[in-house]
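Structure record follows, encoded as structure tokens.
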Amino acid sequence: MYLAVSEWAISAVLFRCPSPKEQKPVYYVSRALADVETRYSKMELTALALRSAAQKLRPYFQAHPVIVLTDQPLRSILHKPDLTGRMLQWAIELSEFGIEFQPRLSKKGQVMADFVLEYSRRPDQHHESSEQEWWTLRVDGASRSSGSGVGLLLQSPTGEHLEQAIRLGFSASNNEAEYEAILSGLDLALALSVSKLRIYSDSQLVRADNGRADALADIAASLPIREAILLPIHVQANPSVAENSTCNSIEADQADDQEWTHDIAEYLRTGTLPEDPKRAHKIRVQAARFTLIGGHLYKRSFTGPYLRCLGHSEAQYVLAELHEGWGMDIVGPLPAAPAQKKFLLVATDYFSKWVEAEAYASIKIKIIAFRNFCSELNIRNSYSTPRYPQSNGQAEATNKTLVNALKKRLEQAKGKWVEELPGVLWAYRTTPGRPTGNTPFALTYGMDAVIPTEIGLPTIRTDAAKQKDADMELGRNLDWADEVRESASIRMADYQQRASAHYNRKVRPRNFKNGTLVLRKVFENTAEVGAGKFQANWEGPYIVSKANENGAYHLQKLDGTPVTQTMECV
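Residue numbering for the sequence shown follows our numbering, starting at 255 and increasing by one per position.
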């Protein structure tokens, strides 16, 4: 790459070097300097030129090493330890590319960089040349008994002329021909991306000033269209502003009811390609990423699993299966309506957005005592306390897992935890746990979970095996369910023992004798009323009255009153 700078612009030319003695230009970059950039030093302008080239030609800089040939000590400047300001920022931006600086020993490519720089216009030249940027359009229309025509003469700022004659395929008066001439001239100017245009018509000028356009209009109106005429005469069939607008009919290339997978599947199955060469080439390229398994088309993904390709009806089924469901909500209380109805129960189908609503006068809630509910269903209910952490700790661990999962989903909308709870529960039930090495779903039902979509639209996992094999596998899973649960129980016990050993490795066992003064940890049922956060963690002292062999102690107060509960030494 060669760099060039001046007082008003910077430029760079990127070359490709097939051999050490051969340079082929690839890209030219140049831009005018802003007002503040004109006060930079030559070294800063050279670094700015390299940074601008790296920003515009970023793919080249990322894919290939770039050698910068310059007569400025850019390498030493950009690697100075005391670099500050904009030069430091540019050095950091350029550090991600493989740029190597070498001294410029010849003027090979530098000549081209200097040429691009000289071609860049000075900022002050914009105002000087603004008058020269105007294009000139001269138009004329003619209407005769033999027909109507339009003549256009478009002149560029540099003096080039573009002539065009248009034969109108409909009868038009002189005024209508003039209007068509102006509209056709504007279309031609838009096609050439003209930004500044002056239009002259014969209604504003004497005929001598618009002679060429008038002659073109006469030619288009009077001469018959023949191939021998050197001047091309275009034919305009309809007026530019038609009274009755019509719509163009577009025919679809794809046949009706034909899925997008049809051509690819046919090519993989029989080798048949469409007749269109471009379409056939596209199918051949796409087919490399697809395969047929059991008559279904699958796409090879980059991550490993095969992705089943769905048609329109199958995609509708998947969307309906994944998203169908009813969302219900109670709105109210609202202003009283006839029959004292104040509440509105609304149910919305998530997929089709179908809404059902019913008005009610009141919303009744039936309260059932938990103890009676458990006793009616013959459920044994055991209450856990802080003094028995084995059962309470499991509940706390589950709660912590669910709360952490809800925190990650809720972000700022904390009130939507109820909506996210089913998804969190499903993730918890289908995620293998470290203590058990299996999912709660598999331990409960004897097999891994399968989403309903895979039942209605089978994948490789559900479609590869026959139904008889699936029934045998299901029965085998149920037979091994007890063994799987036993293995999980053993793993959990091992996990708990290792965790207990980890936490107890720094614990020193202590034994108390009769008459020893001890403190007892404060629990909820022994806490001082109203103490709150200022409650002490320990209470006492107490006197050890009796020590049991299992580590339990009988306590009594200082006045000799015995404590009814037996305490363990922790």
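Beta carbons are placed, not taken as given, at the ideal position from N, Cα and C, and that holds for glycine.
Since we're looking at a predicted model, the values are computed, not measured.
Can you check whether the CB of residue j is closer than 8 angstroms to the CB of residue i?
i    : j    : result
V393 : G403 : no
N428 : G401 : no
F544 : L527 : no
L408 : E568 : no
R452 : W388 : yes
C563 : L546 : no
I331 : Q356 : no
I422 : E434 : In the sequence on display, residue 422 carries Leu and not Ile. Cβ atoms of L422 and E434: closer than 8 angstroms.
T655 : Y682 : yes
V772 : P795 : yes
Output the distance between the C-alpha atoms of residue i and residue j, rounded to the nearest integer angstrom.
i    : j    : result
T770 : I797 : 6 angstroms
F424 : E430 : 11 angstroms
I744 : A703 : 23 angstroms
F315 : T292 : 26 angstroms
G549 : R538 : 19 angstroms
Q343 : A747 : 58 angstroms
S645 : E793 : Confidence at S645 is low in this model, with a pLDDT of 43, below 50, so its placement is unreliable and no value can be given for it.
M297 : Q326 : 7 angstroms
I264 : A286 : 7 angstroms
E559 : L573 : Per the sequence presented here, residue 559 reads as Pro, with Glu not at that position. For P559 and L573, the distance between alpha carbons rounds to 21 angstroms.
P531 : A541 : 15 angstroms
T684 : P706 : 14 angstroms
G677 : Y571 : 21 angstroms
W680 : P272 : 60 angstroms
V280 : R270 : 6 angstroms
R329 : K278 : 25 angstroms
S754 : Q810 : 31 angstroms
V290 : G339 : 15 angstroms
G691 : S741 : 9 angstroms
I436 : K310 : 41 angstroms
R358 : I346 : 24 angstroms
I617 : Q594 : 12 angstroms
H333 : E276 : 30 angstroms
K760 : R752 : 14 angstroms
Take the Cβ of residue i as the centre, count every other Cβ of all protein chains shown within 10 Å, and call the residue buried at 16 or more, exposed below.
i    : result
I621 : Low confidence applies here, because I621 scores a pLDDT of 42, under 50, leaving its location unreliable; read the following figure in that light. Exposed.
T324 : buried
S360 : exposed
A790 : exposed
S284 : buried
G439 : buried
E505 : Reliability fails at E505, whose pLDDT of 46 lies under 50, so the model's placement of it is uncertain and no value is given.
E244 : With the chain covering 255 to 824 only, the question about residue 244 has no answer from this structure.
D813 : exposed
E414 : exposed
Using 8 angstroms for Cβ pairs, my map puts residue i next to residue j. What's the rounded Cβ distance?
i    : j    : result
E354 : P319 : 6 angstroms
A301 : F351 : 14 angstroms between Cβ atoms; not a contact.
A303 : V267 : Contact doesn't hold; Cβ gap of about 11 angstroms is too wide.
F777 : A801 : That pair is no contact at about 22 angstroms.
S449 : A426 : That pair is no contact at about 30 angstroms.
L299 : A367 : Wrong, their Cβ atoms sit about 13 angstroms apart, outside the cutoff.
Does residue i come within less than 8 angstroms of chain D when only Cβ atoms are used?
i    : result
L337 : Here there is only one protein chain, and chain D is not present.
With respect to 7 angstroms, is the separation between the Cβ of residue i and the closest non-hydrogen atom of the ligand MN below this value?
i    : result
Q343 : Absent from the structure shown: the ligand MN. Ligands present: none.
Tell me the start and end of each unbroken alpha helix (DSSP H) in the region 305 to 340 that is at least 4 residues and wholly inside, in chain order. 312 to 317, 328 to 332
Tell me the start and end of each unbroken beta strand (DSSP E) in the region 381 to 417 that is at least 3 residues and wholly inside, in chain order. 389 to 398, 401 to 409
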